[in-house]
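Input: a single structure, listed below in C-alpha cells.
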Amino acid sequence: GAGVSQSPSNKVTEKGKDVELRCDPISGHTALYWYRQRLGQGLEFLIYFQGNSAPDKSGLPSDRFSAERTGESVSTLTIQRTQQEDSAVYLCASTAYLGTRSYEQYFGPGTRLTVT
Amino acid sequence: TQLLEQSPQFLSIQEGENLTVYCNSSSVFSSLQWYRQEPGEGPVLLVTVVTGGEVKKLKRLTFQFGDARKDSSLHITAAQPGDTGLYLCAGADSGGGADGLTFGKGTHLIIQP
Numbered sequence: 001g002a003g004v005s006q007s008p009s010n011k012v013t014e015k016g017k018d019v020e021l022r023c024d025p026i027s028g029h030t031a032l033y034w035y036r037q038r039l040g041q042g043l044e045f046l047i048y049f050q051g052n053s054a055p056d057k058s059g060l061p062s063d064r065f066s067a068e069r070t071g072e073s074v075s076t077l078t079i080q081r082t083q084q085e086d087s088a089v090y091l092c093a094s095t096a097y098l099g100t101r102s103y104e105q106y107f108g109p110g111t112r113l114t115v116t
Numbered sequence: 117t118q119l120l121e122q123s124p125q126f127l128s129i130q131e132g133e134n135l136t137v138y139c140n141s142s143s144v145f146s147s148l149q150w151y152r153q154e155p156g157e158g159p160v161l162l163v164t165v166v167t168g169g170e171v172k173k174l175k176r177l178t179f180q181f182g183d184a185r186k187d188s189s190l191h192i193t194a195a196q197p198g199d200t201g202l203y204l205c206a207g208a209d210s211g212g213g214a215d216g217l218t219f220g221k222g223t224h225l226i227i228q229p
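Following this line, the structure appears as C-alpha cells:
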C-alpha cells in the first residue's frame, strides 16, 4: 500500500510570506505527527494528532506555526510570516497503535523549506 | 522531559570494520525503535525492541535493549557503504501519544569504500 506522502517536496519562499505544507498519512493510521529537522540535526517534535482528540501543540515553536487535520486523513502545517530560522525539513509521520508498548512511526519524505 | 543521548554523534570508518552506536537515557522506556535516514528521505524504521535484554538481528545489524530498558545499542558487523546514513533511536513510554516517543539527535555514520 501507499506510504506517507508529503507535498511539496521542496519550497522556497521569501521571508514574511506564509507557507502551507501537506501530509497524507497511511490509510487507517489514527495518529499523525509533524517534526522539524534542521540541517544535520535530529527530529524536533512539533505537533501530534490522535483521532478526534484535541491536538498536542506543545512542540510548536511560536504562534506563527499552526496545523490542522481533518478526521484521520490529510494534515496541513501552516507557517505564517516565515523567518529564515524556519528553514528546515518538515517531516510528517503516521502510526497505527499496536497496543500499549509500541509506537512505530512511518515517515514521509519531508518537505524541504528554504526561506530567503 | 525524557532525554535520549546518542553516541557517537559522528562516525566515519572503512568498509569491513565493525562499529557500535549507543542510545542512553536515565528514563525507562516501554519500547525503543531504531530508524535510519538517508539524505533527502524520511527516517525508515529498522527495528523495535520491547523486552529488557532483548536482542534482535537484522542481517549484519544487531540491536540490543538494556536490561533496565533505559538504553540500547546498535552493532554493525563488516560495515558496507550502503550502511551510510543517520541512525536515530526513539523511545516510547507507557503514556502514549506524542509524549510517548522521544527521539535522540542521531549518529551520522559514513562508511568509506
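As given, the protein sequences belong to chains A and B, one line each in that order.
Read in order, the letters of the first sequence are residues 1 to 116 in my numbering.
Read in order, the letters of the second sequence are residues 117 to 229 in my numbering.
Just so it is clear, CB atoms sit at the ideal spot from N, CA and C, and this is done for glycine as well.
- Spanning the alpha carbons of L174 (chain B) and D18 (chain A) requires a straight line of approximately 43 Å.
- Distance between R185 (chain B) and I227 (chain B), taken at the CA atoms: about 29 Å.
- Under the 10 Å beta carbon count, A93 (chain A) is surrounded by 16 or more other beta carbons and is classified as buried.
- With a cutoff of 8 Å on beta-carbon distance, Y151 (chain B) and A206 (chain B) are scored as near each other.
- With a threshold of 8 Å between beta carbons, F65 (chain A) makes no contact with chain B.
- Using a Cβ-Cβ cut-off of 7 Å, G110 (chain A) is close to G158 of chain B, given in chain order.
- G201 (chain B) sits close to L225 (chain B), with the two beta carbons spaced by under 8 Å.
- Beyond the five residues adjoining it in sequence on each side, G3 (chain A) comes within less than 8 Å, by CB distance, of I26, Y106 and G108 in the same chain, given in chain order.
- For the pair E121 (chain B) and S143 (chain B), the CB atoms are not nearer than the 8 Å cut-off.
- A distance below 7 Å between beta-carbons, with the five flanking residues on each side excluded, links A88 (chain A) to the following residues of its chain, in chain order: R36, Q37, R38 and L113.
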